[in-house]
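Novice:
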Amino acid sequence: MGFLDRAKQAAAQAAEQAKAAADQTRQSVSEGAHRASTAISDPATADKARQALSRAKHGISTAIDRIDPNVLADVIVKATALQERANAALKAKGSPYRVSEVAIGAAIPPSVTFSIARTDDPGADVVPAGAVASTELLAEAPGSGAAVQALDGTMLDEATIAQEGD
Numbered sequence: 001m002g003f004l005d006r007a008k009q010a011a012a013q014a015a016e017q018a019k020a021a022a023d024q025t026r027q028s029v030s031e032g033a034h035r036a037s038t039a040i041s042d043p044a045t046a047d048k049a050r051q052a053l054s055r056a057k058h059g060i061s062t063a064i065d066r067i068d069p070n071v072l073a074d075v076i077v078k079a080t081a082l083q084e085r086a087n088a089a090l091k092a093k094g095s096p097y098r099v100s101e102v103a104i105g106a107a108i109p110p111s112v113t114f115s116i117a118r119t120d121d122p123g124a125d126v127v128p129a130g131a132v133a134s135t136e137l138l139a140e141a142p143g144s145g146a147a148v149q150a151l152d153g154t155m156l157d158e159a160t161i162a163q164e165g166d
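The numbers in the working numbering rise by one with no breaks, and the one at position 71 of the sequence shown is 71.
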């Protein structure tokens, strides 16, 4: 038997093995699809899904019921006080921007989000009389490129920021 004949024979064997593997895979996929369709149409599965949905709804309402109104009131008072102090600071700096809205997510822990708006026409590109553009305020800020100050007032250096980013 020559080299060419052996190569043809090896190719034929490989083709048969590939065909057998494809047939086995097709059969496995077909059986899996049949089992999945049977499970989906099974009334017991639908009942289990309804029970799971009911438990999830109960869990959500229970979590909301656990929120202490006094704690939520404290969060609201602190967030709005921060809004007022930030607006006073922005006004003192001559900024045309203000914290216009506070959104509180009633989660555990609660989340607080602040929205910022211009005090004048938001479509205008002109800074109103007596106001200072934020770009100018940033340029005037002490150490405006060397270190970063977190919202809680702590100063962060580049190494700390790099560690937190990892």
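Built from N, CA and C at the ideal position, the CB exists for glycine as well.
(1) Measuring alpha carbon to alpha carbon, tell me which residue in F114, S95, P110 is nearest E101.
(2) If you draw a straight line from the alpha carbon of A81 to that of G94, how long is it in whole angstroms?
(3) I need the DSSP call for S30, collapsed to helix, strand or coil.
(4) Cα separation between S54 and P43?
(5) Cα separation between N87 and T119?
(6) Mapping DSSP to helix, strand and coil, what is I116?
(7) Check the DSSP bridge columns for R98 and list the partner residues they point to.
(8) Per DSSP, which residues does G130 bridge with? Please list them.
(9) Span of the alpha helix (DSSP H) holding I76?
(10) Tell me which same chain residues have a C-beta within less than 6 Å of the C-beta of A131, skipping the five on either side of it?
(11) Per DSSP, G105 forms a beta bridge with which residues?
(12) Does DSSP classify D42 as helix, strand or coil?
(13) Write down the C-beta distance between I104 and V75 rounded to the nearest angstrom, noting that I regard them as a contact closer than 8 Å.
Specialist: According to the structure shown:
(1) Start at 1 with the first residue of the sequence shown, and residue 101 comes out as number 101. Of the listed residues, the one whose Cα sits closest to E101 is F114.
(2) On the sequence shown, position 81 is the one that residue 81 refers to. On the sequence shown, position 94 is the one that residue 94 refers to. Looking at the two C-alpha atoms, the distance is approximately 20 Å.
(3) Against the sequence shown, residue 30 aligns to sequence position 30. If DSSP states are grouped into helix, strand and coil, S30 belongs with the helices.
(4) The residue you call residue 54 lines up with position 54 of the sequence shown. The residue you call residue 43 lines up with position 43 of the sequence shown. Their Cα atoms are separated by approximately 16 Å.
(5) Taking the first residue of the sequence shown as position 1, residue 87 is located at position 87. Taking the first residue of the sequence shown as position 1, residue 119 is located at position 119. So the alpha carbons of these two residues sit roughly 11 Å apart.
(6) Within the sequence shown, numbered from 1, the residue matching residue 116 stands at position 116. Reduced to three states, the DSSP call for I116 is strand.
(7) The count along the sequence shown starts at 1 and reaches residue 98 at position 98. Answer is A117.
(8) Numbered from its first residue, the sequence shown carries residue 130 at position 130. Answer is none; G130 lacks a bridge partner.
(9) Position 76 of the sequence shown, counting from 1, holds the residue named residue 76. That run of the alpha helix (DSSP H) goes 69 to 93.
(10) If you number the sequence shown from 1, residue 131 lands on position 131. Closer than 6 Å at the Cβ level, and outside the excluded window around A131, lie G94, P96.
(11) On the sequence shown, residue 105 is found 105 positions in, with the first residue counted as 1. Bridge partners of G105: S111.
(12) Translated into positions along the sequence shown, residue 42 becomes position 42. Here D42 sits in coil by DSSP.
(13) Numbered from 1 along the sequence shown, position 104 holds the residue referred to as residue 104. Numbered from 1 along the sequence shown, position 75 holds the residue referred to as residue 75. At roughly 6 Å, the Cβ-Cβ gap stays under 8 Å, so I104 and V75 are in contact.
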